[in-house]
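Quick note, the sequences are listed as chains A and B, same order.
Its first residue numbered 0, the first sequence is counted upward by one per residue in numbering that gives the first Met the number 0.
Its first residue numbered 0, the second sequence is counted upward by one per residue in numbering that gives the first Met the number 0.
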Amino acid sequence: MTSVLPTIRVNVLFFGRIRELAGVREEPQEIPVDATLADLFASYTRRFPKLAEFRGSLVASRNQEFAAWDTQLKPGDEIAFLPPVSGG
Amino acid sequence: MPDNPINDRLELVKSPIDFDGLVRFVRAEKDGAIVTFDGFVRNESHGRASEYLEYEAYEAMAVAKMREIAEYLHDKFAVHRVAIVHRLGRLEISETSVFIAVSAPHRAAAFDACRYAIDTLKKTVPIWKKEYFADGAVWADGELPPAPRSSKSAS
Chain A
0 MTSVLPTIRV NVLFFGRIRE LAGVREEPQE IPVDATLADL FASYTRRFPK LAEFRGSLVA
60 SRNQEFAAWD TQLKPGDEIA FLPPVSGG
Chain B
0 MPDNPINDRL ELVKSPIDFD GLVRFVRAEK DGAIVTFDGF VRNESHGRAS EYLEYEAYEA
60 MAVAKMREIA EYLHDKFAVH RVAIVHRLGR LEISETSVFI AVSAPHRAAA FDACRYAIDT
120 LKKTVPIWKK EYFADGAVWA DGELPPAPRS SKSAS
């Protein structure tokens, strides 16, 4: 038996041009227990290489608060990657 | 005593905004001024004729951020009530996308608070606009909301 790294499950949301690029609106995601927002985003750029171009022009949120990329995630967190906002 | 902010109206709607109702909502006998902001769809963007717009939002977070704006208005300006309503979905030229009404005993607070509310909404509330033209569509350039640089510095 190989040992299995412990993982947690978070829910990830996409909006605007990022949603169109990923083709995903919302999905649960298994990540390593010590993963940060940056790690989670990196896992998406591996899946959707074009996303990497947007890394510098996105902010991340955790549980509906803007969050730093080094934020460590917790089970059940609601994560979103937000392009520049343009309401009004 | 300031009103409980629960009396504010902070909403996302999918049908035309009832601005008369919002103005009536913020108006009370103790007030002397209401300032409103009516943001509506322009017929061009960067010199290209627009056909229509579509708005989408991270709805729960957008309402939470609108509530933060309203709470700030109560803290920093002597306002009575705040209404901030943003419409989502498809909007035609000249339709109102955002309406803000702020009441206060005196005009200066109402003007300052209303200006602060729309300026901050455009920077921090997670809403996105896609502009449709005769020959295609683009996501509007927006503003990147300020986020903490490090989780360690967060208090």
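Yeah, the Cβ is synthetic: ideal placement off N, Cα and C, and Gly gets one too.
Less than 8 Å between CB atoms is the rule here; does GLY75/A satisfy it with respect to chain B?
No, because no Cβ of chain B sits closer than 8 Å to the Cβ of GLY75/A.
Look at the Cβ atom of ILE126/B, then the Cβ atom of ALA56/B, and state whether they are nearer than 8 Å.
yes
Does LYS49/A pass the burial test, meaning 16 or more other C-beta atoms within 10 Å, or should it be called exposed?
exposed
Closest to LEU176/B by C-alpha separation, out of ARG26/B, ALA116/B, HIS85/B and THR35/B, would be which residue?
Because chain B in this structure spans residues 0 to 154, residue 176/B falls outside the shown range and cannot be described.
With three or more beta-carbon pairs closer than 8 Å as the criterion, would you say the region 101–108 of chain B touches the region 145–152 of chain B?
no
Short-range partners of chain A found in the region 112–143 of chain B, where Cβ spacing is below 8 Å
Of all residues in the region 112–143 of chain B, the ones placed with a Cβ closer than 8 Å to any Cβ belonging to chain A are ILE117, LEU120, LYS121, LYS122, THR123, VAL124, PRO125, ILE126, TRP127, LYS128, LYS129, TRP138, ALA139, ASP140, GLY141, GLU142 and LEU143, in chain order.
First and last residue of the beta strand (DSSP E) that includes ASP37/B?
Per DSSP, ASP37/B belongs to the beta strand (DSSP E) from 32–39.
In the DSSP assignment, find the beta strand (DSSP E) that holds HIS85/B and state where it starts and stops.
Looking at the DSSP string, the run of the beta strand (DSSP E) that includes HIS85/B is 80–86.
Residues, ordered as in the chain, of the region 52–73 of chain B that lie near chain A by beta-carbon distance below 8 Å
TYR54, GLU55, ALA56, TYR57, ALA59, MET60, ALA61 and ALA63
For THR70/A, collect the residues of the same chain with a Cβ closer than 7 Å to its Cβ; drop the 5 residues on either side in sequence, then sort them by chain order.
THR35, LEU36 and ARG61
Within the 8 Å Cβ cut-off, does PHE40/A reach chain B?
Not closer than 8 Å to any Cβ of chain B, the Cβ of PHE40/A fails to qualify, so no.
Spatial distance of VAL81/B from PRO31/A (CA atoms)
Rounded to whole angstroms, the separation of the alpha carbons of PRO31/A and VAL81/B is 43 Å.
Quick check on DSSP: helix, strand or coil for LEU72/A?
coil
Using the C-alpha atoms, what's the distance from LYS29/B back to ILE78/A?
43 Å
Look up TYR54/B in the DSSP assignment and give the residues it is bridged to.
Note: TYR54/B sits in a beta bridge opposite GLY88/B and LYS128/B.
Listed from N- to C-terminal order along the chain, which residues in the region 25–49 of chain A have their beta-carbon within a distance smaller than 7 Å of any beta-carbon of chain B?
none
Judging by CA-CA distance, which residue of LYS73/A, PHE53/A and ARG45/A is the nearest neighbour of PHE80/A?
Checked all of LYS73/A, PHE53/A and ARG45/A; the closest Cα to PHE80/A is PHE53/A.
Got a sec? Which residues, its chain only, sit under 8 Å from PHE24/B by beta carbon, not counting five neighbours each side?
Once the five neighbours on either side are set aside, the close Cβ partners of PHE24/B are ARG8, ARG80, ALA82 and ALA100.
I need the DSSP call for ASN6/B, collapsed to helix, strand or coil.
helix
Extent of the continuous alpha helix (DSSP H) to which PHE40/A belongs:
36–46
Curious, which full-length alpha helix (DSSP H) runs of at least 4 residues does the region 99–125 of chain B contain?
Restricted to the region 99–125 of chain B, the alpha helix (DSSP H) segments that are unbroken, complete and at least 4 residues in length are 106–123, listed in chain order.
Ordered along the chain, which non-local residues of its own chain (more than five positions away) have a Cβ less than 8 Å from that of TYR51/B?
VAL40, ARG89, LEU90, GLU91, ILE92 and TYR131
Apart from the five residues on each side of it in sequence, which residues of its chain come closer than 7 Å, Cβ to Cβ, to PHE47/A?
By the criterion of a C-beta distance shorter than 7 Å, PHE47/A is surrounded in its chain by LEU20 and ALA21, once the five residues flanking it on both sides are discounted.
Once DSSP output is grouped into helix, strand and coil, what is the label at PHE18/B?
helix
Reduced DSSP secondary structure (H/G/I, E/B, other) of SER44/B
Strand.
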